[in-house]
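Peer 1:
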Amino acid sequence: MKKYPKNDLLIRAAKRKPVERTPIWLMRQAGRYMPEYRKLREKAGDFKRFYKDVELAVKATLLPYNILGVDALIIFSDILTPLESIGMKFEFKEGEGPVFENPIEAVDDIEKLGEFDVEDVSFVGRIIEEVGKEINYNLPVIGFCGAPFTLAAYMIEGRTSRDFKKTKVFMYENPDGFKKLLDKLTDMLIEYLNFQIKSGADAVQIFDSWAGYLSPDDYREFALPPIKKLISSLKRDYQPVIHFTKGVAGFFEDMITSGADVYSVDWMVDLKDVKEKINGKAAAQGNLDPIVLYAEKDVIKREAIKILDKWGDDTGHIFNLGHGLMPDMSVENVKFLVDVVKEESRR
Ligand code: 1CP
């Protein structure tokens, strides 16, 4: 039976209910910057084997629980995890990231994609269940997925990109075909996130990491509608939805119509403006520049307090970075940030 988490600060902040202090967790909190992570990674051999191995993935998820003392655990997986089920073939190459064997090159390739079968990702459900049990339901467990646009971009580029040339040319030349792909991914993600919630996820985050490369018009036409459909199709009880977009400054007003409980923003927007624009209708997450963590501790403290002050004492803020932790960051500095936020945000 699913249990409600004992420390529910994140859920309360997401629902704008009173909190004693600001909850904090960090994107990419289980990652290469931790020596313990690197050991698990070595044991697994390759990254895909790592996230499919329930025992190892649970251990990775738990690392920030024991080492950092964060207020939520995001399951160890990847946004690309469900894509194998629909026939996408990819590997994670050392130093390169994901590389696809069969990227989408033409509208015909979309028709050839298979049907999503949630059984193919049953390991994700087991990881969520096991993490909950391991921590005796002390903290919320966050499930996640990539947003339809961001996943489509990986499928078309076939690898990491800095300009999304193939994706955009495909989108401009075949807008209907591109929307067909987004629809297909949206249906898959509805099933995938509902499965994660059913397996015990206490919150879900949608990562639209690359939508910030779109013009506001294209964001409204292509990226936003599938997210609205995804969020409105989730069967949830108390579980909040967190919607993350990187590079959101140009269309923040549009983003906040997606229907999420929490909007996760990067450091290129001012949290004070975010609060004003949200106007009490949702919560926000973010938005420390991760680079701050390379600086001296007094700088980390000063910049963290600056963010806390921008939101003020009201509930509705979840502290996080504007994007993920990097592999060469110091665990000591990351832990220091967590401690500072817990201490300085006490009401
Ligand atoms: O070498 C390794 O050990 C693999 C590095 C790695 C890790 C630790 C990858 C490959 N994925 C992950 C885990 C991961 N990915 C998590 C786990 C939970 C946590 O946050 O601790 C999450 C939430 C993700 C999500 C993810 N994967 C995103 C969205 C977040 C973001 O950073 O914007 C994206 C874009 C990916 C794709 C991906 N997977 C891995 C890499 C190196 C990349 C990025 C490649 C690129 O820049 O395009």
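Positions 589 to 935 (the numbering used here) are the ones given, in order, by the sequence shown. Glycine included, every Cβ here is placed at the ideal spot set by N, Cα and C.
Using the C-alpha atoms, what's the distance from Lys768 back to Asp696?
Peer 2: Using only the alpha carbons, I get a separation of about 11 Å.
Peer 1: Quick one: grab the DSSP three-state call for Phe704.
Peer 2: Here Phe704 sits in coil by DSSP.
Peer 1: Going by C-alpha to C-alpha distance, which of Ile599, Phe704, Gly800, Asn875 sits closest to Ala791?
Peer 2: Taking only the C-alpha atoms, the option nearest Ala791 is Ile599.
Peer 1: Given 8 Å as the limit, is there contact between the stretch 601-613 and the stretch 895-912, that is, 3 or more CB pairs closer than that?
Peer 2: Yes, the stretch 601-613 is in contact with the stretch 895-912.
Peer 1: Would you please state the rounded distance, in angstroms, between the beta carbons of Met615 and Leu909? I believe it to be under 8 Å.
Peer 2: Right, the Cβ-Cβ distance comes to about 6 Å (below 8 Å), so this counts as a contact.
Peer 1: What are the start and end residues of the alpha helix (DSSP H) that includes Gln784?
Peer 2: Taken as a continuous stretch (DSSP letters only), the alpha helix (DSSP H) holding Gln784 covers 763-786.
Peer 1: Answer yes or no: the CB of Leu773 versus the heavy atoms of the ligand 1CP, is any distance below 7 Å?
Peer 2: Answer for Leu773: no, Cβ out of range of the ligand 1CP.
Peer 1: Run through the stretch 785-840 for me and flag every whole alpha helix (DSSP H) of 4 or more residues, listed as ranges in chain order.
Peer 2: For the stretch 785-840, whole alpha helix (DSSP H) runs of length 4 or above, ordered along the chain, are 812-820.
Peer 1: Would you check whether the ligand 1CP has a heavy atom nearer than 7 Å to the C-beta of Thr748?
Peer 2: Yes, since a heavy atom of the ligand 1CP falls inside the 7 Å radius drawn around the Cβ of Thr748.
Peer 1: Report the partner residues of Ile612 according to the DSSP bridge assignment.
Peer 2: Note: Ile612 sits in a beta bridge opposite Phe907.
Peer 1: Quick check on Thr748: buried or exposed, where buried means 16 or more other Cβ atoms within 10 Å of its Cβ?
Peer 2: It counts as exposed.
Peer 1: Would Glu689 and Lys700 be called neighbours here (beta carbons separated by less than 8 Å)?
Peer 2: The answer is no: Cβ separation not under 8 Å.
Peer 1: Where Gly685 and Leu671 are concerned, what is the direct C-alpha to C-alpha distance, given to the nearest angstrom?
Peer 2: If you take the alpha carbons of Gly685 and Leu671, they lie about 15 Å apart.
Peer 1: Does the beta-carbon of Tyr760 have 16 or more other beta-carbons within 10 angstroms, so that it is buried, or is it exposed?
Peer 2: Counting Cβ neighbours within 10 Å, Tyr760 comes out exposed, since fewer than 16 surround it.
Peer 1: So, under 8 Å CB-CB, Lys817 and Thr774 are touching, yes? Tell me the CB distance rounded to an integer number of Å.
Peer 2: Right, their Cβ atoms sit about 5 Å apart.
Peer 1: Skipping 5 residues on each side, what residues in its chain have a beta carbon closer than 6 Å to that of Gly734?
Peer 2: For Gly734, where only same-chain residues beyond five positions count, the Cβ hits under 6 Å are Ile667, Phe795.
Peer 1: CB-CB under 6 Å to Pro593, same chain, minus the five flanking residues each way: which ones, in chain order?
Peer 2: Around Pro593: Tyr725, Leu727, Pro728, Asp790.
Peer 1: Taking 7 Å as the cut-off, is the CB of Ile667 close to at least one heavy atom of the ligand 1CP?
Peer 2: Indeed, a heavy atom of the ligand 1CP lies less than 7 Å from the Cβ.
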